[in-house]
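Chains as they are written, first to last, in the working numbering: chain A, 2 to 317; chain B, 788 to 1124.
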């Protein structure tokens, strides 16, 4: 029998005082978990009257009529999902392309570093500034595009008129710019951490640069790129101020991306200040649904991440 | 000798400073409606010049939140565009007094290049917000404006997406003049219109109107005037078309018969020159203040606002209260203790 292992911290073999650092860390982590539980509990409690009154109809019905006490958030759920997915659709190819450009040696390191810094600076711009910029810059462009689209593609339901400046498309374009730094930065890190041996191996086998990027580097970095996309999606769904300023805040359902729409976060921001009675309960219910959607997206993201990690494990 | 005198000087400065900061300064805090916030904040600054001992701090959190804070007793006074309902007043143990402090008018602002001074009949006003009047050259609009050249352009409707007293007063008027509007939309601080696009705040709606030709929206007079938007003349109950300005709004206000509790909306004023969509906004005071110094400060401040303070209204786009209203408001103010 060997002697019991001695603690390296104290030569005498026992601790004279409790490990305060450990206690501090434990308390902090437990408090964080409790905090989340508390927030959700408070939201459910305030939402309870609305949950009892409307039940699942709240999710499947389309109505937001505070003076008649009819509430249903279907248009806002669809608006939240549609605006974020459209934003991802716009930002994903752009973000990954920038990430490839910045991680390969197309340019001298000094220029790449500067460009990377500039793209990441986009994340530092406050949301309300994006909103104002969207009003003055993006809206006129989208409106002009919309008028053209209605005339030439109007038969297609996604582009049916009339075209509005404050529309789903406007909000998505600005959201795409807002989540671009997230997608770019994380994808770039993933691409940059692809082992050097893999690249060299690809070139040694006679692959051209593009063959190496598309068949070796991108697949290897796929888990990181997926994670970047999910993070971007999460940010887009929770974004409030810029969207509330640009999307037109309508509670009508429409197929057209050129019509005004609304998101759950925007609804909360717009109506909480002046809400009363059942409207407050309904807004809390809407908040609960938003938390639920974000949770599902994050879980899905985690699942996809694990799946791609497993799939690409062989290459690494 | 010299040293002691300078010490004495220092000491006297220090004590007088302490006297000014802790002894005499009286803080009053208020919260509520966003619409009159620029005026109340200006009052706070100007009143502090007259009465340096009293500091008024007003937070524009919205009428609903203002009433909530007032009921909870976390502020010294509240402010609301919708006054307070009897149920809400019943929740205040100390009792509440509603004092009309200023007034605003809501305009139909529009963007139609080359067309100014358009006239809207009562049917057209509600029709636009019900989506039944769809084009600027609709026969109903053309009929009321024979001398204007109206384009064949769709009407884009803008409304407030956030809950607001402005929407409340506006929908109240439309519900009164149109049964269809009352059935389909009704009156509230936020409603669902069958058409249009929502902007956040007066500034959001103003931006919507400025950016797209063919857009019409309802905003406070001050915003429309500051942004140079064209404003429509509206038909009032007596059938006349009245342009929105300070004079026509004051005409409406002076014809109002204030009830005992001072809570009234001139929903559909009857005077020949009355502008149809005008509303007071109220300060909410407790009937009893336990702190005598605070009571005195609040009385002085509100009294100043009702008299000298009215002179700041017009430049900020508000309607100065007519003398009879000021008298009644002062009488109500004197009842608090």
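Here a beta-carbon is modelled for each residue, glycine too, at the ideal position from N, C-alpha and C.
query, result
"Output needed in chain order: residues of the stretch 852-880 of chain B with a Cβ under 8 angstroms from some Cβ in chain A.", "852"
"Quick one: measure Cβ to Cβ for residue 78 of chain A and residue 265 of chain A, integer angstroms, because I've assumed they're closer than 8 angstroms.", "7 angstroms"
"Assign residue 1073 of chain B to one of three DSSP states: helix, strand, or coil.", "strand"
"Quick one: what does DSSP say residue 1096 of chain B is sitting in, helix, strand or coil?", "helix"
"Spell out a yes or no on whether the stretch 899-906 of chain B and the stretch 1008-1022 of chain B are touching, meaning 3 or more CB-CB pairs, one atom from each, closer than 8 angstroms.", "yes"
"Quick one: which residues of the stretch 983-1006 of chain B get their C-beta closer than 8 angstroms to a C-beta of chain A? List them in chain order.", "983, 984, 985, 986, 987, 991, 994, 995, 998, 999"
"Would you kindly report the start and end of the unbroken alpha helix (DSSP H) that includes residue 953 of chain B?", "952-964"
"In angstroms with no decimal places, state the Cα-to-Cα distance between residue 45 of chain A and residue 38 of chain A.", "11 angstroms"
"Just checking, does the stretch 941-961 of chain B make contact with the stretch 995-1005 of chain B on the three C-beta pairs under 8 angstroms criterion?", "yes"
"Counting only beta-carbon separations shorter than 7 angstroms, does residue 275 of chain A have a partner in chain B?", "yes"
"Mind checking whether residue 129 of chain A and residue 242 of chain A have CB atoms under 7 angstroms apart?", "yes"
"Please list, in chain order, the residues of the stretch 280-293 of chain A that have any C-beta partner in chain B closer than 7 angstroms.", "none"
"Near residue 939 of chain B, what residues of its chain come up, given a Cβ to Cβ distance below 6 angstroms and the 5 sequence neighbours on each side ignored?", "924"
"Bridge partners for residue 941 of chain B per DSSP, in chain order?", "B:922"
"Measure from the C-beta of residue 977 of chain B to each C-beta in chain A and report whether the shortest distance is under 7 angstroms.", "yes"
"Taking the C-alpha atoms as reference points, what is the distance between residue 991 of chain B and residue 143 of chain A?", "17 angstroms"
"Let me know the alpha helix (DSSP H) ranges lying completely inside the stretch 103-160 of chain A, each 4 residues or longer, listed in chain order.", "110-122, 128-134, 140-154"
"Listing by chain order, which chain B residues have their CB less than 8 angstroms from the CB of residue 245 of chain A?", "948, 987"
"How do the stretch 1040-1052 of chain B and the stretch 837-852 of chain B stand: do at least 3 beta-carbon pairs fall below 8 angstroms, yes or no?", "no"
"Any chance you could list the alpha helix (DSSP H) runs of at least 4 consecutive residues sitting entirely within the stretch 1018-1059 of chain B, in chain order?", "1033-1041"
"Report, in whole angstroms, the separation of the C-beta atoms of residue 889 of chain B and residue 825 of chain B, which I expect to be a contact under 8 angstroms.", "About 10 angstroms; that fails the 8 angstroms criterion."
"Please report the residue range of the alpha helix (DSSP H) in which residue 238 of chain A lies.", "219-239"
"By DSSP, does residue 808 of chain B sit in helix, in strand, or in coil?", "Because residue 808 of chain B carries a pLDDT of 47, less than 50, the predicted location of this residue cannot be relied on, and the following value inherits that uncertainty. The answer is helix: DSSP assigns residue 808 of chain B an H, G or I state."
"Does DSSP classify residue 19 of chain A as helix, strand or coil?", "coil"
"Determine the direct distance from the alpha carbon of residue 1046 of chain B to that of residue 1000 of chain B, and round the result to whole angstroms.", "43 angstroms"
"To which residues of the same chain is residue 865 of chain B closer than 7 angstroms at the C-beta, ignoring the five residues directly before and after it?", "817, 818, 819, 853, 854, 856, 857, 1071"
"Would you mind reading off the limits of the beta strand (DSSP E) that contains residue 256 of chain A?", "Note, residue 256 of chain A: premise wrong, no beta strand (DSSP E); not H, not E."
"Which residue wins for smallest C-alpha separation from residue 218 of chain A, given the options A:105, A:89, A:80?", "A:105"
"Where residue 1032 of chain B and residue 1008 of chain B are concerned, what is the direct C-alpha to C-alpha distance, given to the nearest angstrom?", "8 angstroms"
"Going along the chain, which unbroken runs of the beta strand (DSSP E) with 3 or more residues stay wholly within the stretch 965-1009 of chain B?", "984-986, 1002-1007"
"Residues in the same chain with beta-carbon distance under 7 angstroms from residue 312 of chain A, minus the five sequence neighbours each way, listed in chain order, please.", "none"
"Would you kindly work out how many angstroms separate the C-alpha atoms of residue 996 of chain B and residue 831 of chain B, rounded to a whole number?", "32 angstroms"
"Measure how close the beta-carbons of residue 60 of chain A and residue 290 of chain A come, nearest whole angstrom, since I'm counting them as under 8 angstroms.", "7 angstroms"
"Between the Cα of residue 1049 of chain B and those of B:1112, B:936, B:1058, spot the shortest distance and give me the residue it belongs to.", "B:1112"
"Taking the alpha carbon of residue 263 of chain A as the reference point, which residue from A:173, A:153, A:50 has its own alpha carbon closest?", "A:173"
"Between the Cα of residue 916 of chain B and those of B:1055, B:959, B:1035, spot the shortest distance and give me the residue it belongs to.", "B:959"
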